[in-house]
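What follows is one structure encoded as structure tokens, with my remarks underneath.
In structure tokens, the structure reads:
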């Protein structure tokens, strides 16, 4: 089923010339697979294939995330994504990442409880996709809002899908914009 | 050396041409984004002092990391330097084309051949291909290959991206006749 597994890891050491306050590692793991609905025209019932394919993908990608970050406890934040090849529907990617067969398995395997933030797109091979990441147990934790960009030179082909899981080991480097507890009350009428 | 970030890519190819690739073919790339050591200095005639300082640091940083990312014995390898728009390609060449850099990779890989390389000047987000050849015999055709990478926000105009690539095997399903059959 999998043609290619692709991972990217980013370690930011300095920002604007100075060491960052937190050495966060951001990672993404992607599986390039055949679109199971390619060539079938409109298929109304997508759940059966999602149930067959998505759990194994979630297991494989979660294992890569844990490996890249050095263990499940190092996974502080997570995200997911799909890139659908030009011959498919966005709904095909949605079927694989937005149903419990993927998200629940991924969440459980990295000890998360949040809804998993996502992005999706349809594009040619080499299409870059920015994958959002947020805290795995407290999604509103502002310091952990971040992204990683993924690009696979030769995928997805028209009849393929790229399914992605992403994670970060901590907050953004130099995060310093406060959170809901420190925000002033801002209302539109005050700003006019 | 002023290091901004390290980016690591690993690609596992499971299938090619509709057939399984067994064992799965793995290629790894590690890139370091650094400030161009000669940035803002105008034309510098003698590059040797900063080569002596920076090239070994880059070799020590990258060689073990790419070996660790590959997790297998290295059979083919290559390197690259992408210079930001305000620098000279010579700056990138200076950092990768001396033994002070390359020997770190040769030692880690138990290699003996010259490292094939890409050098170019480009904006952040440029796509580039790192060529790889066999680590002890650069005429082994099955191991001629390349790997494409890109860092969205590097190199800045005053930066250089320095990279090493390693493959655990030759091309997947390689089936060209060896050079010796044509000689």
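Residue numbers (our numbering), protein chains in the order written: chain B, -14 to 177; chain X, 6 to 188.
We put the CB at the ideal spot given by N, CA and C, even for glycine.
Residue 98/B has no beta-bridge partner at all, per DSSP.
In the DSSP annotation of this structure, the continuous segment of the beta strand (DSSP E) that includes residue 148/B starts and ends at 145 to 153.
Taking 4 residues as the shortest admissible run, the region 101 to 178 of chain X contains the following complete alpha helix (DSSP H) segments, listed from N- to C-terminal end: 104 to 114.
Neighbours of residue 153/X in chain B, taken as residues at a C-beta separation under 7 Å, are given in chain order as 138.
In this structure, residue 23/B keeps its C-beta atom at 8 Å or more from the C-beta atom of residue 84/B.
Not one beta carbon of chain B lies nearer than 8 Å to the beta carbon of residue 145/X. If only uninterrupted beta strand (DSSP E) runs of at least 3 residues are considered, those enclosed by the region 66 to 131 of chain B are 102 to 107, 114 to 120.
Counting C-beta atoms within 10 angstroms of its own C-beta, residue 16/B has 16 or more neighbours from the protein chains shown and is therefore classed as buried.
Taking 8 Å as the upper bound on Cβ-Cβ separation, chain X lies near residues -11, -10, -9, -8, -7, -6, -5, -4, -3, -2, -1, 0, 2 of the region -11 to 3 of chain B.
Between residue 68/B and residue 20/B, the C-beta gap is not smaller than 8 Å, which leaves the two residues out of contact.
For the C-beta of residue 11/X, the chain B residues within less than 9 Å are, from N- to C-terminus, -6, -5, -4, -3, -2. Exclusion of the five residues before and after residue -13/B leaves 16, 18 as the residues of its chain whose Cβ lies within less than 6 Å of its Cβ. Proximity of residue 162/B to chain X, defined by a Cβ-Cβ separation below 8 Å, is not satisfied.
Contacts with chain B at 8 Å (Cβ-Cβ) include residue 19/X.
With respect to chain X, the C-beta atom of residue 134/B has a partner C-beta closer than 8 Å.
Residue 9/B carries a coil assignment under DSSP once its states are collapsed to helix, strand and coil.
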